[in-house]
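> Right, I'll just put the structure down here and ask away after.
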Amino acid sequence: MTRRIVFVFIVSVLLLTAISCKTEEPQAVQAPGAESAVAAASAAGNPFFQPYGTPFNVPPFDRIKNEHFLPAIEEGIRREEAEVGAIINNRKKATFENTIAALDHTGIFLSEVNAVFSALQGAYTNKDLQALARTTAPMLAAHRDNIGLNEKLFARVKAVYDQRDKLKLGREELFLLENTYKDFVRGGALLDAAQKARFRELNQELSLLSVKFGENVLGETNAFQLVIDNKADLAGLPPSVVAMAAEAAKQAGLEGKWLFTIQVPSMTPFLTYSERRPLREKIHRAYFMKGDNDNERDNKEIARKIADLRRQRAAILGYPSHAAFVLENNMAKTPDRVDAFLRQLWEPTLVKAREEAAALQALIDRTGGKFKLASWDWWLYTEKLRAEKYALDDAALRPYFKLDNVRDGIFALCGKLYGLTFIEKPDLPRYHPEVQVFEVREADGRHTGILYMDFHPRPSKRSGAWSGGLRRAYYEKGQRVPPVSTITCNFTRPTADAPSLLSTDEVETFFHEFGHSLATLFSQGRYRSRTVARDSVELPSQIMEHWAFEPELLSVYAKHYLTGGVIPAGLVEKLGKSSLFNQGFITAEYLAASILDMAWHTLPNPAEVDTRGFETKVMADIGLIPEIVPRYRSTYFNHIFSGGYSAGYYAYIWSEVLDCDAYEAFKEKGIFDRATAESFRKNVLEPFGTEEPMAQYVRFRGAEPKIDGLLRNRGLEVKK
Ligand SMILES: [Zn+2]
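No gaps in the numbering here: position 703 of the sequence shown is 703 in the numbering used here, and each next residue is one more.
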C-alpha cells in the first residue's frame, strides 16, 4: 500500500476560534423562549424546538425536514445574542466564571441545529439545503463578527485575561482563557476604528474571492471531457475501468461511448492503465492546467490577489506575513521552522524521486518506448514496475478487505488497545438507510458515545472522507455529556455479485477517519471549546494507519469474503515490501505543493508577481524534476485559496512526525500493549484540544518527537 495524504474535513475540530468552534457542537435543546411570537409559531411541529426524546439524545433525523432549519437557525442566533448580551450586561466584575466559562456555554441551541445541518449538507444534500446554505452562510458570518468584534464583550474578556497570573486557574481553564483572548485579538479586537473597518472590508473581499476561486476550479473540472468512441483507444484499460467509463458516458447522454473526466477517481485509473500516450497527455494536461487557461475561469489573478489581501490583513494585525499570522497558532510557530522542516525532507525526497524516474525511464526503454518519461507516463509505468517487482495487484487483495471485515478489524483493534466494545443500534434514527449506527462502550460497560458510519458514494454526498461530530463531549453540571461522532466515506459499493471490497487505500482511509472519531469519543474536555493546532490534528488519525496492515492485525480481520481464509503470508509479505514503493513521487508532489503554499504566504509583494512565473521560479529553486507536477498548482489549490489550509498544507507531514514517533512507542512495547494505549488515551486523546499539544505529547512519550520514524516510514533515511 502507499501511505498517501488523506484529505479530511474535520467538521468541528478545525474551526479554531473559541466562538466559531462551537457552531458544530450541539447539546440538548431547551424549550423555546416565550418571548418570541415568531419563534413560537415556527416552533410548532419543529423537532429542534422540543426535547429530542431519542435514545442517547441523537438528532431525530426521521422527523427533521428541510423547512425546519431556517426558523431554528434564526432562533439560535437570537438566543446566542441574548446569552452574550447577558454576559456583557452583568453588573458584577468580570470573572473567569461569569465571562470566559459563560461565553464557552453560549450558542448551544444554534450548535445543535448547525451540526445536523452541516452533516446533511456534506453527506445527504439536496437543492433546498444548498439554497438554504447560501442564505444562512452570510447570516452566520455576520453573527460571528458581531460577537468577535463586540467591544464591550472584549473588554470583559481582556479584564479577566489581564489578571490571569493572579487567578490560580487550572491548566484547562488557563488554556481556554488564553485562547479566547487570542481569538478576539486575532479577529481584530485591538484595532482602532479605521483599522477595524478596513479589516472587515478585507474579510469581505477575501470571502468573495475564495468562493470565486472554488467556483472556477469546479467549472474548469466540469468543462473537460475525454470521450472515447473508438474501442482501440481503450487499449490497456481493465474491464472494470471500461465499464465505469461506459456508465459515465450513459449518464452524460453519450450511450455507446466511454467518458473520462479530470475528477481523480476517473482520471487516475486512465493514467494508470491506458496505453494511448497522446490521450494520457491530453487528460493529464487538462488536469494540471485547470484555472490557467486564460479564459473566464482563470484563477491566476485571483490567486495573487488573495495572497496580497491576506498579506495586508496580517500587516494590520502586526504580522510580517500571512504565514506568520497562521503559524503562531500551530506547533511549528514560525515560517522559518516550517521551511527548515520541509527542506530537511525535500533533499532525500528529491534523491528518491530521481531514482524512481530513472527506473521508469529504464522500463520505458526496455519495453520499446522511444520517448522521454513525462508526467502523464508516471502512473502507467509505476503500475507496470509494481507488478514486475512485487507481483502485487489490487484485484488479488480486495477479496481480503470486505468492508464489514475491515470494520470489525478496527473494532477488534479498539478492543485490544482500549477495551472498547461496539454494539449496533439499528433502531436509532438515521438520515439514510445505508448509515450504520453503533454505541461505543468502555470495558466496564459504561457508555462512551455514539458513532454514525456512512460508507458509500451518492450524488448527494461530497467527495472524500471525513470524520465529523454531531455532538462533542463536555461537562454540564459535573455530568459528562457523551459525544456523537460521524464517519463519512466514499468507498467502493457492493455489486450484484460481491459485497463492498475495499482497496488498500480505502482500508487505510477507514483506519484514519476512525482515529479522528476516537479522539472525539474519548474527549474529556470540561468546556465546549477546543483549540487544536492544525499541524497536530492528524496525530490521532494518522497513528491508526500504522496498525492497518500489521501482520498481527491482518490475521484477525483480513479474511477472504468467500472462503473465510486468512490472507496468505506471502501476500502480507508482498504488501509490506511494496510499502515504500513510489514514495519519492508521492512525497515530492506533496512537499512541492506545501513549499508553494509557504512561498505564496511569505511573499512580500504578491500584487507584483506573475502567478505562473512565480510558481515556475519556486519549483526551479527547489529543483523539482519536470516529470513531477506539484500535487496542486496555484490555480487549482483549493486547500489554500478556497479552503482553510493556507500556510497549513505542510500540516499532514508535520503530524506524521508525531504519529510515526508515537507509534514507535507501541513497537517498543508491543503493538497491542494496553499500558501504552492507555497512556496515549489519557495524555493525548482525552485532553486533545484543551492544552498545548507538545506538552501532552511529551507526557505520553517522555520526550519531544524525533523525525527518524517518519524518515524510515517513507524510506527517506540518508544512506551511509
Ligand atoms: Zn485526517
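Positions of the beta carbon are idealized from the N, C-alpha and C atoms, including for glycine.
Just to confirm the assignment, what range does the alpha helix (DSSP H) spanning Gln361 have?
Where Gln361 is concerned, the enclosing alpha helix (DSSP H) stretches over 335-366.
> Is Tyr561 near Met598, with beta carbons less than 9 Å apart?
Not closer than 9 Å, so no.
> Use the C-beta contact count for Val264: other C-beta atoms within 10 angstroms, 16 or more gives buried, fewer gives exposed.
Its Cβ having fewer than 16 others within 10 Å, Val264 is exposed.
> From Glu550 to Gly670, what does the alpha carbon distance come to, in whole angstroms?
One C-alpha to the other measures close to 12 Å.
> Mind checking Ala703: buried by the 16 CB within 10 Å criterion, or exposed?
It is exposed - the Cβ of Ala703 has fewer than 16 other Cβ atoms within 10 Å.
> Using the three-state DSSP reduction, which class does Cys21 fall into: helix, strand or coil?
Confidence in Cys21 is poor, its pLDDT being 27 and thus under 50, which makes the residue's placement unreliable; the coordinate value appears in the next sentence. Three-state result, Cys21: helix.
> To the nearest angstrom, how far is the alpha carbon of Arg712 from that of Met453?
About 33 Å.
> Given this structure, state the Cα-to-Cα distance separating Lys559 from Ala593, to the nearest angstrom.
Straight-line Cα distance between these residues: approximately 38 Å.
> Any contact of the segment 577-597 with the segment 338-358, i.e. 3+ C-beta pairs under 8 Å?
Counting Cβ pairs under 8 Å, three or more are found: they touch.
> Near Val572, which residues of its chain fall below 7 Å by C-beta distance, leaving aside the five closest residues on each side in sequence?
Pro551, Leu554, listed in sequence order.
> What's the gap between the Cα of Gly122 and the Cα of Ile316?
Looking at the two C-alpha atoms, the distance is approximately 35 Å.
> How would you label Ala695, buried or exposed, when you count the other beta carbons within 10 angstroms and need 16 or more for buried?
Result: exposed.
> Would you identify the three-state DSSP class for Phe371, choosing helix, strand or coil?
Looking at Phe371 - three-state DSSP - the assignment turns out to be coil, as it is neither helix nor strand.
> Does the distance from the C-beta atom of Ala533 to that of Met331 stay below 9 Å?
Yes. Within cutoff.
> Confirm, please, whether the CB-CB distance from Tyr652 to Glu538 is below 9 Å.
Taking 9 Å as the Cβ cut-off, Glu538 and Tyr652 qualify as a contacting pair.
> With a 10 Å radius around its C-beta and 16 neighbouring C-beta atoms as the bar for buried, classify Asn216 as buried or exposed.
The residue in question, Asn216, is buried, as its Cβ has 16 or more Cβ neighbours within 10 Å.
> What residue does the beta strand (DSSP E) around Trp466 start on, and which one ends it?
Start and end: 466-471.
> Measure the beta-carbon distance from Leu727 to Phe510 and round it to whole angstroms, keeping in mind my assumption that it falls under 8 Å.
Here the chain covers residues 1 to 720 and nothing more, so residue 727 does not appear.
> Using a Cβ-Cβ cut-off of 6 Å (strictly less than) and excluding sequence neighbours within five positions of Ala28, which residues of its own chain qualify?
Residue placement at Ala28 cannot be trusted, given a pLDDT of 32 that sits under 50; the coordinates are not used to answer.
> Please name the residue in Ser503, Arg526, Phe514, Gly449 whose C-alpha comes closest to that of Lys477.
Among Ser503, Arg526, Phe514, Gly449, the Cα nearest to that of Lys477 belongs to Arg526.
> Check whether the segment 430-449 touches the segment 404-421, taking contact to mean three or more Cβ pairs, one atom from each stretch, closer than 8 Å.
As far as the Cβ criterion goes, the segment 430-449 touches the segment 404-421, which means the pair count is three or higher.
> Could you give the DSSP three-state label for Ala31: helix, strand or coil?
Model confidence at Ala31 stands at a pLDDT of 35, short of 50, so the residue's coordinates are unreliable and nothing is read from them.
> Quick check on Leu279: does DSSP put it in helix, strand or coil?
Reduced to three states, the DSSP call for Leu279 is helix.
> Applying the criterion that 16 or more other CB atoms from any shown protein chain within 10 Å of the CB defines a buried residue, is Pro483 buried or exposed?
So Pro483 counts as buried.
> Check the C-beta distance from Glu513 over to Cys489 and give it rounded, since I have them as a contact under 8 Å.
The Cβ separation is near 7 Å, so the contact holds.
> Determine the contact status of Ser118 and Gly576, defining contact as a CB-CB distance below 9 Å.
No, Cβ-Cβ distance for Ser118 and Gly576 is not below 9 Å.
> Taking all protein chains shown into account, decide if Asp229 is buried (16 or more other Cβ within 10 angstroms of its Cβ) or exposed.
Asp229 should be labelled exposed.
> Among the residues of its own chain, which have a CB less than 8 Å from the CB of Gln344, if the five just before and after it don't count?
Closer than 8 Å at the Cβ level, and outside the excluded window around Gln344, lie Ile707.
> Is Glu513 near ligand 1, in the sense that its beta carbon is under 8 Å from a heavy atom of that ligand?
Yes, since a heavy atom of ligand 1 falls inside the 8 Å radius drawn around the Cβ of Glu513.
> To which residues does DSSP link Ser517 through a beta bridge?
None; Ser517 has no bridge partner.
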